[in-house]
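Enquirer: With the numbering used here applied, the sequence shown covers 2 to 449.
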Amino acid sequence: MRTKTPPPSHLPAKLSICYWGWDWLTAVGAGEAYEDLDRAMRETKERGFNCIRPDMGLGLVHDAQGRPRGKVRFRAHFPGANSNLQCINTRGGAEYDVRRRVLHMMELAEKYDLYVIGTTWLYQDMVSDIDHEGIRREVTAVPYNDRIATLGTWWDWLLREIREHGLLHRFAFVELVNEMDCTSCIWPREGQEKPTYEDWFEDKTVPLQAEWLRRMADRGVADLRRKYPELLITVDLASANRLGDCLPEDAQVADHHLYHNSVTMDVLFGENGAGIHPGAKGFSWQTGPAIEENALLASLLRKDVLNWRDFCKRDTYTRHMWRIIAWFYENLDNEKYDDWCRAHCHEFRERVDANVKSTIRTAADFAEPRGLPLVVDEGYLFFPPLNSRFIMSHEGRWGEELAANAAVEAGYWGVLPTGYFRPNTPLGWYDDGQCEWILNLNRRILGK
């Protein structure tokens, strides 16, 4: 059993976490949410947060030899048909030096007294945003057995520069990788040593190799702890159930996500949902969802539905897993969606309540005997449309409050109030009622 070690004294007693994701690096064009980085940081602070969780640009700050990458160009997912997607709604076309932007973000964290949970979605989603064939191929060509170590090397190069700028103290902690337990493109496929971009694009998956993953991550975490003893180092996990078999022995934070299985998940994937998954009746990758086979799907769509083939022609670089959801949300009538969610969310309350309490209890039972601080920094509702107002309703807020309050009561160090209130959620970010709701939740999280 470990002796409980509190977070370093310069860090806050509690963290209220604003999910920034990777779109702070991509949605930077004129009029986009992160065009003015100073404003985005200031507004985050004004809304009661003391911590952000951004992608730190690994693989884009430095090349494979450790040289500054220079300017990188970003692209849009499904150009002209992505305005209803969380995280990947950028118009594309921005080109700039990612290294300079990351360092500027750390300077602004100092200016506004915000802490940073550094992470990376490079091998999960970020590759699709890169508008350079050479960089995409370079990143995805890294052998599976080397990918976690490569991320560790990129972290070392970046953290060294941030240390030289005197800003390491702005980190709450560092995640070697986001959702290590469900990012299959970082672990090897049986019988295949050389990865390809097509494997990544087609989202080929294999069973979780927990023992191999933890062994690789053990080395990465231990190496960063040795080089940066002033930092807390860990890996991020999608599920609290994987803390026992995936969290490295030297990890200093028990960090997990919690997407509760509520109405927004059921609409997409449920047995009686809209059939937005490859196993749905009548679905094929050639023709897409079978609208005529699903009454709910037909009832939620606009009249002017964009044809599946025409939609897919807009984008040849976004992973398969995103395509069905992206098509659905582009063709969705958001008001009908919100009405459906409000009318049916009560059917899932018992399930959501049990899911939240079980997850928090599992994480606490793991972390407390080991003296590890607990953090939940992504999730709650499952990926609603960007222009949905369900999260702004009493019914939509219920599950977010349930999860955040359960984490607070369990003594979590870091808590996300919701994953759907951040600079790139314009309906809520500038809504007085939603801002007041978040301020109150953040006060609860911070113990004010």
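The beta-carbon is built from N, C-alpha and C at its ideal position, and this holds for glycine as well.
Just so we're clear, the structure is a prediction, and the values are computed from it rather than from any experiment.
What does the Cβ neighbour count give for G49, buried or exposed, with the cut at 16 atoms within 10 Å?
Expert: By the neighbour-count rule (16 or more Cβ atoms within 10 Å), G49 is buried.
Enquirer: In whole angstroms, what is the alpha-carbon distance linking L16 and A173?
Expert: About 8 Å.
Enquirer: Suppose you measure from the CA of I446 to the CA of G22; what does that come to, to the nearest Å?
Expert: Cα to Cα, the separation comes out at about 21 Å.
Enquirer: When the Cα atoms are used, what is the spatial distance from D237 to V207?
Expert: Looking at the two C-alpha atoms, the distance is approximately 19 Å.
Enquirer: Under 8 Å by Cβ, that's how I've got G420 and Y20 pegged, so tell me the actual separation to the nearest angstrom.
Expert: Sure, about 5 Å apart at Cβ, within 8 Å.
Enquirer: Taking the beta carbon of T151 as the centre, do at least 16 other beta carbons fall within 10 Å, making it buried, or is it exposed?
Expert: So T151 ends up on the buried side.
Enquirer: Buried or exposed: where does E283 fall if 16 or more other Cβ atoms within 10 Å of its Cβ makes it buried?
Expert: As written in the sequence, residue 283 is Gly, which differs from the Glu given in the question. Under this definition G283 is an exposed residue.
Enquirer: Quick one: is N90 near chain B, going by C-beta distance under 8 Å?
Expert: In the structure shown, chain B does not exist; there is a single protein chain.
Enquirer: Mapping DSSP to helix, strand and coil, what is S359?
Expert: In the structure shown, S359 sits in a helix (DSSP, three-state: H, G or I).
Enquirer: Leaving aside the five residues before and after C436 along the sequence, list all residues of the same chain whose C-beta is less than 7 Å from its C-beta, in chain order.
Expert: If we look at C436 and ignore the five residues flanking it on each side, its Cβ neighbours are R48.
Enquirer: Expressed to the nearest angstrom, what Euclidean distance is found between the alpha-carbon atoms of D354 and L302?
Expert: So the two alpha carbons sit approximately 30 Å from each other.
Enquirer: Taking DSSP's pairing of strands, which residues face V175 in a bridge?
Expert: G119, I234.
Enquirer: Which residue's Cα is closest to the Cα of T184: W201, M107, T426, I118?
Expert: T184 has its Cα closest to that of W201, out of W201, M107, T426, I118.
Enquirer: Starting from F75, follow its DSSP beta bridges and name the residues at the other end.
Expert: Bridge partners of F75: I131.
Enquirer: Pull up the distance between the alpha-carbon of R475 and that of P80, whole angstroms please.
Expert: With the chain represented from 2 up to 449, any question about residue 475 goes unanswered, as that position is not in the structure.
Enquirer: How long is the line joining the alpha carbons of D130 and R371, rounded to whole angstroms?
Expert: Taking the straight line joining both Cα atoms gives about 38 Å.
Enquirer: Can you tell me whether R126 is buried or exposed? The criterion is at least 16 other CB atoms within 10 Å of its CB, across all chains shown.
Expert: The question names Arg, but residue 126 is Asp in the sequence shown. Buried, by the Cβ-count rule.
Enquirer: Indicate the three-state DSSP secondary structure (helix, strand or coil) for P427 in the structure shown.
Expert: Of the three classes helix, strand and coil, the one that applies to P427 here is helix, per DSSP.
Enquirer: Starting from N400, trace the alpha helix (DSSP H) both ways and give me its first and last residue.
Expert: For clarity, residue 400 is Gly in the given sequence; the question names Asn instead. Run containing G400: 395-410, per the alpha helix (DSSP H) assignment.
Enquirer: DSSP three-state call for C52: helix, strand or coil?
Expert: The answer is strand: DSSP assigns C52 an E or B state.
Enquirer: Within 10 angstroms of the Cβ of Y431, are there 16 or more other Cβ atoms? Answer buried if so, exposed if not.
Expert: Per the 10 Å Cβ criterion, exposed.
Enquirer: What are the boundary residues of the alpha helix (DSSP H) that I446 is part of?
Expert: Note, I446: alpha helix (DSSP H), 433-447.
Enquirer: Buried or exposed for R398, going by 16 or more other Cβ atoms inside 10 Å?
Expert: Buried.
Enquirer: When the distance is taken between beta carbons, is L259 closer than 8 Å to V357?
Expert: Cβ atoms of V357 and L259: closer than 8 Å.
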